[in-house]
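Written out below as structure tokens is the structure these notes cover.
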Amino acid sequence: MEDLKGITRPESIDWDSWTKRWDQMQERYLAERSERFNQIVKIIKATQPEASRILDIGCGTGSLSQRLLKELPNVELHCVDIDPTMLWITESLKTKFEDRIQIYRLDLRDNSWAKNFSLPFDAVVSATALHWLNACQLNTLYQTIGQLLCSGGIFLNADHVGSESLKIQKYWKACREKLRSIENNNASDDWDSFWSSYSKALKLDVNKIHNHLFKDREGGPEDGLPLSWHVDRLRENGFSMVDCFWRCNCDAIYGGLKE
Ligand SMILES: C[S@@+](CC[C@H](N)C(=O)[O-])C[C@H]1O[C@@H](n2cnc3c(N)ncnc32)[C@H](O)[C@@H]1O
Numbered sequence: 005m006e007d008l009k010g011i012t013r014p015e016s017i018d019w020d021s022w023t024k025r026w027d028q029m030q031e032r033y034l035a036e037r038s039e040r041f042n043q044i045v046k047i048i049k050a051t052q053p054e055a056s057r058i059l060d061i062g063c064g065t066g067s068l069s070q071r072l073l074k075e076l077p078n079v080e081l082h083c084v085d086i087d088p089t090m091l092w093i094t095e096s097l098k099t100k101f102e103d104r105i106q107i108y109r110l111d112l113r114d115n116s117w118a119k120n121f122s123l124p125f126d127a128v129v130s131a132t133a134l135h136w137l138n139a140c141q142l143n144t145l146y147q148t149i150g151q152l153l154c155s156g157g158i159f160l161n162a163d164h165v166g167s168e169s170l171k172i173q174k175y176w177k178a179c180r181e182k183l184r185s186i187e188n189n190n191a192s193d194d195w196d197s198f199w200s201s202y203s204k205a206l207k208l209d210v211n212k213i214h215n216h217l218f219k220d221r222e223g224g225p226e227d228g229l230p231l232s233w234h235v236d237r238l239r240e241n242g243f244s245m246v247d248c249f250w251r252c253n254c255d256a257i258y259g260g261l262k263e
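If you read the sequence shown in the working numbering, its first letter stands for residue 5, the second for the next number, and so on.
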């Protein structure tokens with residue numbers, strides 16, 4: 005990541021407008037995105053009423069972190085992402101939440117990323133990010149998350165999940181397409197137009213930055229690994245009460261408690 009040293013956060017950008025554009029773009033693909041965030045907040049409130057430290061991995065622009073900071077006034081959020089251009093938007097949350105939010109540019113594929121944290125977390129959360137890792141990286145990550153959580157702490161991941169059955173997967177995808185067609189706001193950006201407009205606003209070639217950051221990327225399947233795979237790996241890595249807490253066709257919130 006050394007090559008990004010010369011790249012700095014530009015001034016005089018309306019960061020709030022980019023937060024909104026990112027959220028609208030993501031909602032095009034995830035009709036139930038906001039509901040997923042609500043569910044994560046509710047589960048944390050119910051299971052970790054004394055929570056004070058939460059880690060958001062693959063935080064992007066900080067959409068989920070922002071929701072947690074608003075709804076849980078006693079928590080501090082530690083936000084991790086590899087992409088500096090995403091974290092520049094997250095940084096704008098500091099104006100509102102000051103030292104309740106800490107930001108780290110780290111690569112979750114790098115086995116040493118967790119060394120940046122010395123105190124345990126009450127919850128580790130993530131949204132639509134971990135399918136960017138392959139099965140081997142994800143298994144290692146689950147082990148690391150277990151080490152970062154306090155005893156009884158919770159891991160919750162909202163992400164794409166596949167099915168072991170192609171027929172069921174086909175059914176889920178058809179349901180997702182139907183929901184998208186009902187809920188879609190075609191006035192918002194799609195993935196490509198968001199990045200092309202954001203690049204122009206930053207006066208940077210974000211594609212080039214992404215090619216550099218993800219040059220060795222061997223991600224998992226775009227549709228996600230089967231839910232049963234995640235459940236098995238979490239149990240093997242010392243999580244208990246592993247469960248699917250919510251599901252809407254191709255997306256789910258799953259996780260478990262650190263024993
Ligand atoms: C689709 S975005 C989701 C962002 C945010 N969680 C949300 O729900 O809006 C996926 C995020 O995962 C991040 N990401 C992907 N691979 C990563 C890695 N190896 N280490 C850290 N972050 C990563 C990307 O940079 C991106 O910000």
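From the three backbone atoms N, C-alpha and C, an ideal C-beta is built for every residue, glycine too. Keep in mind the model is a prediction, meaning the values are calculated, not measured.
DSSP places residue 19 outside any beta strand (DSSP E); the residue lies instead in the alpha helix (DSSP H), whose first and last residues are 19-33. Taking a C-beta distance under 8 angstroms as the contact criterion, residue 31 and residue 37 qualify as a contact pair. Taking one beta carbon from each stretch, the region 102-111 and the region 83-90 have 3 or more pairs nearer than 8 angstroms; the two touch. In chain order, 129, 130, 131, 134, 234, 257, 258, 259 place their CB closer than 8 angstroms to the CB of residue 161, counting only its own chain and leaving out the 5 sequence neighbours on each side.
For residue 42, the enclosing alpha helix (DSSP H) starts and ends at 37-51.
Here the region 94-108 makes no contact with the region 218-236; the two share fewer than three CB pairs at distances below 8 angstroms. Taken in chain order, the unbroken stretches of beta strand (DSSP E) that lie wholly in the region 109-186 and span 3 residues or more are 125-131, 153-164.
If you compare the alpha carbons of 152, 217, 218, 210 with that of residue 58, the shortest gap goes to 152.
Closest in C-alpha terms to residue 12, from the list 206, 120, 218, 194, comes 206. For residue 93, the enclosing alpha helix (DSSP H) starts and ends at 88-95. Residue nearest to residue 121 within the set 52, 148, 23, 18 is 148 (criterion: CA-CA distance). Around ligand 1, the residues whose beta-carbon falls short of 5 angstroms from at least one of its heavy atoms are 62, 64, 67, 85, 86, 87, 90, 111, 112, 113, 131, 132, 133, 136, given in chain order. Per DSSP, residue 56 is not a residue of any beta strand (DSSP E), being assigned neither H nor E. C-alpha of residue 22 to C-alpha of residue 104: approximately 21 angstroms in a straight line.
Boundaries of the alpha helix (DSSP H) around residue 69: 67-75.
Under the 10 Å beta carbon count, residue 92 is surrounded by 16 or more other beta carbons and is classified as buried. Measuring C-alpha to C-alpha distances from residue 242 to each of 199, 158, 213, 229 identifies 158 as the nearest.
Using a Cβ distance threshold of 8 angstroms, residue 156 and residue 81 do not count as a contacting pair.
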